[in-house]
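S.K.:
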Amino acid sequence: MKQTAEIEEIVGRLAAIAEDPNAYAVEWKARTQRKIIGILPMNFPAEIVHAAGALPVLVQEDNAAITYGRSLLFEFYCGYTRSLVDQAATGKLKIYDGIFLVDHCVALLGAVDAIRFEVPDLPVFLAQFTASMDEDTTRPQVHGRITELRERLEELCGSSVTDEAICRSIEAYNRDRALLRRVYEMRRLGRISLSSRQMQALVKSAMVMDVDEHSQIMTRLVAHLEAGSVHSTGLVKLHLSGHFCHAPRPELLDMIESCGVAVVDDDVYTGYRYISTDVPHKADPITALTQWYFDRNDNVPCSTRAQKSADWESYLANAVEKNGAEGVIVLVAKFCEPHMLYYPELRKELHKRGIPHLLIETEHEGLALEMLKTRVEALIEGIRRSVLSRETA
Amino acid sequence: MSATMEQAKPGQGHQRTAPLANRLMSTRSGGKMVKDYWDNLFSARERGAKVVWYNGAAINPILQAAGVEWCHGEAFGARLAAMHLEAPAQYASESYGYINELCSYARTTLGCALLTKQEMADKVEMDNTPGIPSKEVLASRLPAPDLFVNAYAGCSTGQQWDEISYRMFNKELPFFKVSYPLLWGNKPDAGYLRGEEWEAASRYVANQLHKLIEFLEHETGRPFDWEGLRESMYYIKRASELRMDALNLCKSKPAPAVFWDWVASIAPINFLPGNQALVDYFAEVKTEIKERLAAGVAALPGERYRLAFDGIMNWNRVGWLANKFAEHDAAVVCGRYTHNSFWHEPQLIDPDDPILGMAQHYLLCPFNHSTKNLAEMILRDCETYGIDGIVFHATRTCRSASNGQLLLAQMAQKKGLQTMFFEGDVADESFYKDEVLQSRLEAMLETIDVQRNRSA
């Protein structure tokens, strides 16, 4: 019991920070007198900001309804970009000393341009990473962009960003990712019973907290989890897939699990996609961060990148076969074009391999949870019947 | 009171038939050139030609010099929509699993790919949805590709959709991608055609074009025809100069030609071969405009308002919109898509050494700019053409065309320009609501009237 209480306490603490990252960041700044840099998904190397002595905070979707942001970005943009712009329009981005990004998503770029317009005094820096991974011109271009990031951060933070500092930051982030991946591994093995809401809190807090502080907490958590017992739940095992850039609402995850489901794995951004890949050890840390960009897409392919040799659909189906999930719920943030484009490829592969799946579109303004629950229940019912008919055959 | 209300007023005895847009006659030959181009392309396989499917920038001069035939996906999607023949392709893509909020160009073009595959293999890879058309429809007539080139500036979706086309054809075909940095402007010296970032981006893209040429040489097994490229860029430069001259003539009040005439001229400058015929076409357009000016013929005889159109075209509704604005005596004189696009800076093209100027034009895609750059271009045009108000086409499934529009409207309003928005789409007419356009247009024109009365 004590073990469980300790786990609840640690996860609760991280969840509170994940719930209100601005409060954490403001407190951190007051404590350290250093700068806070808002970074945007999904390929930003946080290590370079950390090495500059600033706190990289991956700006999250805000729960508030979109109000003033409506005059800056159309309603047919994804909830994340609309929320970003609304945060700018309602003064919530004022805590940041700068906003940095590397991704080329057309909606994200539109949103960030609106942020520049709305908050003209806030430094905003785009170091656009080439998204096509196949051409030999891409690697030097990305290397150059990371070098520009380093220079811009040096200007902003007023100190040089040394190779040694970047290497230390890389080690710190690798350590934290490894701890998170260990929890993921235990979840796949059924050794822990953290809910999806709790798993999300672990990753989301990693996106916004000082990495060393997060690692310390995670080290304690992993020790408690390792000491726990194996759970056999009898629930239907599912894999959650997709949901780029921002976290699906915890109440959606609660609803899914309330239908007799155990989520055993995911490839959502606020999940395994974020922690999948370590930065390799290389003499030149900028080369290492460049390599990380390519490695991530090899490990967990993303449809925002254009790479002939990487297939998200194969990755997903193989992951499901390995983690023992009996079905997949594909979570698409409404208006997310790279996901809408790729969904039929996922569907085709899942059909081919006989893996049941359900598509759910999520929206910023709330979800019709009862209607969605019926659909999830139908998926679970289908899976259960199929298992039953296999057993009785 | 709006123009429409005036015309509708009963019992005044001066009711007139709503005027239609007095469109240029010379652009009709462009329509024939474009039709001939597609008809020729449809027979490419029978002729044993290699076919490239590409999207984005006008890389066709490079493809022409490589000795391959080219199919511009968006152009075909636009053509289908303009002919109201997009539905079969869109049904096909919907049955394949695409959500209708996805870019309608992509949905249409990928639907064409599905229908082309169906025709090729006599095999359907989609659900058996009722309404999938027969093989005779235009959407299924594209020749299957031998290779893909993606060259999409300003839109991440543009790049990703070719990645899907590549997958649809079983990942077996050669595929090359040209990547473009957004003209974003991190540094203080950044601006339209200037600054360190512009120079660096130009060199980066030019380098990729050289790599593209190497790729094409490898795939065709033939040396690239550099002399052929110089020749076609000579013609394109000349055609572009004529087009820009003709656009400039439309500063005249009333305007001798309007936005809708320039929309009709997009296809020729965007993807037809660079040759004498292209030059002749734009020479004829310019001549007709000069003749109109000399004879005092206006595009809208009762021109009362001069408007700018911002956003990508609503291809389903080009003729409809032309007449809708004409009914209100509103001359749409300029637009981002027509005036700041398609080889519109011909001085950048050096026909003897064309690659850098081509790279720069590809970067100048009207959707590859920061809002700051866009404001510089659009507000300059509004001043040049004596614009009263801007009509923003909020293009439902095209975020690259919609980016910055709400900000531009605010900037324009500060300059005393009136603005209005209407929602529509590039190739999906279900997003267009005529009543919304009607009421908003009338409201804007009334405001312009009030503004004029106040300053009179």
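If you read the protein sequences in the order shown, they are chains G and X.
The opening position of the first sequence corresponds to residue 11 in the numbering used here, with each subsequent residue numbered one higher.
The opening position of the second sequence corresponds to residue -6 in the numbering used here, with each subsequent residue numbered one higher.
We put the CB at the ideal spot given by N, CA and C, even for glycine.
All values reported here derive from a predicted model rather than from experimental measurement.
#1: Mind listing, in chain order, the continuous beta strand (DSSP E) runs of no fewer than 3 residues lying wholly within the stretch 274 to 353 of chain G?
#2: Would you check if the distance between the CB atom of X:A287 and the CB atom of X:V326 is smaller than 8 Å?
#3: In three-state terms, what does DSSP make of X:Y47?
#4: With distances taken Cα to Cα, identify the nearest neighbour of G:I58 among G:V397, G:T372, G:G281 and G:C177.
#5: For G:D96, which option in G:Y87, G:I76 and G:F86 has the closest C-alpha, if you only look at C-alpha atoms?
#6: Return the CA-CA distance between G:Y325 and X:E67, expressed in angstroms with no decimal places.
#7: Residues of the stretch 90 to 113 of chain X with a CB closer than 8 Å to any CB of chain G: list them in chain order, please.
#8: For G:D222, which of helix, strand or coil comes out of DSSP?
#9: How about X:G160: is its C-beta nearer than 8 Å to some C-beta of chain G?
#10: Cα separation between X:M76 and X:F414?
#11: In whole angstroms, what is the alpha-carbon distance linking G:R160 and G:T314?
#12: Taking only beta carbons into account, state which residues of the stretch 132 to 149 of chain X come closer than 9 Å to chain G, listed in chain order.
#13: Mind listing, in chain order, the continuous alpha helix (DSSP H) runs of no fewer than 4 residues lying wholly within the stretch 30 to 87 of chain G?
#14: Could you compute how far the alpha carbon of X:R445 sits from the alpha carbon of G:V213?
#15: Going by the DSSP bridge assignment, what does X:D303 pair with across the sheet?
#16: Which residue wins for smallest C-alpha separation from G:I370, given the options G:A74, G:E174, G:I339 and G:D72?
#17: Give the DSSP bridge partners of X:L140, in chain order.
#18: So which residues of chain X does G:H114 contact, with C-beta pairs closer than 8 Å?
#19: Give, in chain order, every unbroken run of the alpha helix (DSSP H) that is at least 4 residues long and sits entirely within the stretch 52 to 98 of chain X.
#20: Buried or exposed: G:E347, going by 16 or more other Cβ atoms within 10 Å of its Cβ?
#21: Taking the alpha-carbon positions, what's the G:E16 to G:I393 distance?
#22: Closer than 8 Å, Cβ to Cβ, to anything on chain X: give me those residues from the stretch 175 to 190 of chain G, in chain order.
#23: Using only the alpha-carbon positions, how far apart do X:T412 and X:L176 sit?
#24: For X:S423 and X:T390, what's the separation of their Cα atoms in angstroms?
#25: Under 9 Å between beta-carbons, which chain G residues line up against X:R389? List them in chain order, please.
#26: Tell me whether the stretch 338 to 357 of chain X and the stretch 259 to 268 of chain X touch, counting them as touching only if at least three CB pairs, one residue from each stretch, are closer than 8 Å.
#27: Listed in chain order, which residues of the stretch 60 to 80 of chain G have Cβ atoms closer than 8 Å to some Cβ of chain X?
#28: For G:Q138, return the contacting residues in chain X, with the cut-off set at a CB-CB distance below 8 Å.
#29: Report yes if the CB atom of X:G178 is closer than 8 Å to the CB atom of X:E192, and no otherwise.
#30: Return the chain-ordered ranges of every beta strand (DSSP E) run that is complete within the stretch 73 to 161 of chain G and spans a minimum of 3 residues.
#31: Assign X:Y378 to one of three DSSP states: helix, strand, or coil.
#32: Tell me the DSSP bridge mates of X:M413?
#33: Between G:D144 and chain X, is there a C-beta pair that is closer than 8 Å?
#34: X:I282 and X:L242: beta carbons closer than 8 Å?
#35: Could you name the residues of chain G that X:R196 contacts, counting a contact when the two beta carbons are closer than 9 Å?
#36: From G:T389 to G:T172, what distance separates their C-alpha atoms?
M.R.: Result, derived from the coordinates:
#1: Under the rule that a run must span 3 or more residues, the beta strand (DSSP E) segments found entirely inside the stretch 274 to 353 of chain G read 337 to 343.
#2: Contact flag unset, no.
#3: It is a strand residue.
#4: Nearest C-alpha to G:I58 among G:V397, G:T372, G:G281 and G:C177: G:C177.
#5: Among G:Y87, G:I76 and G:F86, the Cα nearest to that of G:D96 is on G:I76.
#6: G:Y325 and X:E67 have their C-alpha atoms roughly 31 Å apart.
#7: Listed by position, the residues of the stretch 90 to 113 of chain X near chain G (Cβ gap below 8 Å) are G90, Y91, I92, E94, L95, C96 and A99.
#8: Reduced to three states, the DSSP call for G:D222 is helix.
#9: Looking at the sequence shown, residue 160 of chain X is not Gly but Arg. Judged by the 8 Å Cβ criterion, X:R160 is in contact with chain G.
#10: One C-alpha to the other measures close to 25 Å.
#11: The alpha-carbon of G:R160 is positioned some 24 Å away from that of G:T314.
#12: Flagged, chain order: N143, G147, C148 and S149.
#13: Those alpha helix (DSSP H) runs which fall completely within the stretch 30 to 87 of chain G and span 4+ residues are 31 to 42 and 56 to 61.
#14: Taking the straight line joining both Cα atoms gives about 59 Å.
#15: X:F385.
#16: It is G:I339 whose Cα lies nearest to the Cα of G:I370.
#17: Looking at the DSSP assignment, X:L140 forms a beta bridge with X:V45.
#18: Residues of chain X passing the Cβ test: S149 and L175.
#19: Taking 4 residues as the shortest admissible run, the stretch 52 to 98 of chain X contains the following complete alpha helix (DSSP H) segments, listed from N- to C-terminal end: 53 to 58, 66 to 75 and 80 to 89.
#20: G:E347 counts as buried, since no fewer than 16 other beta carbons sit within 10 angstroms of its beta carbon.
#21: Their Cα atoms are separated by approximately 35 Å.
#22: Near chain X, meaning a CB-to-CB distance below 8 Å, no residue of the stretch 175 to 190 of chain G qualifies.
#23: Computed Cα separation, rounded: 25 Å.
#24: Going from the Cα of X:S423 to the Cα of X:T390 covers about 11 Å.
#25: Going along chain G in sequence order, the residues near X:R389 (Cβ under 9 Å) are F84 and F86.
#26: In this structure the stretch 338 to 357 of chain X does not touch the stretch 259 to 268 of chain X; the number of beta carbon pairs closer than 8 Å is below three.
#27: Hits within the stretch: zero.
#28: Result: P174, L175 and W177.
#29: For the pair X:G178 and X:E192, the CB atoms are not nearer than the 8 Å cut-off.
#30: Look at the stretch 73 to 161 of chain G and you find these whole runs of beta strand (DSSP E), each 3 residues long or longer: 108 to 111 and 134 to 136.
#31: In the displayed model, X:Y378 falls within coil according to three-state DSSP, outside both helix and strand.
#32: For X:M413, which the question treats as bridged, DSSP gives the partners X:V384.
#33: Between G:D144 and chain X, the shortest Cβ-Cβ separation is below 8 Å.
#34: In terms of Cβ geometry, X:I282 and X:L242 form a close pair [threshold 8 Å].
#35: Listed along chain G is no residue with a C-beta nearer than 9 Å to that of X:R196; the closest approach is about 11 Å.
#36: According to the sequence provided, residue 389 of chain G is Leu. The question's Thr does not apply to it. The straight-line gap separating the alpha-carbon atoms of G:L389 and G:T172 is approximately 53 Å.
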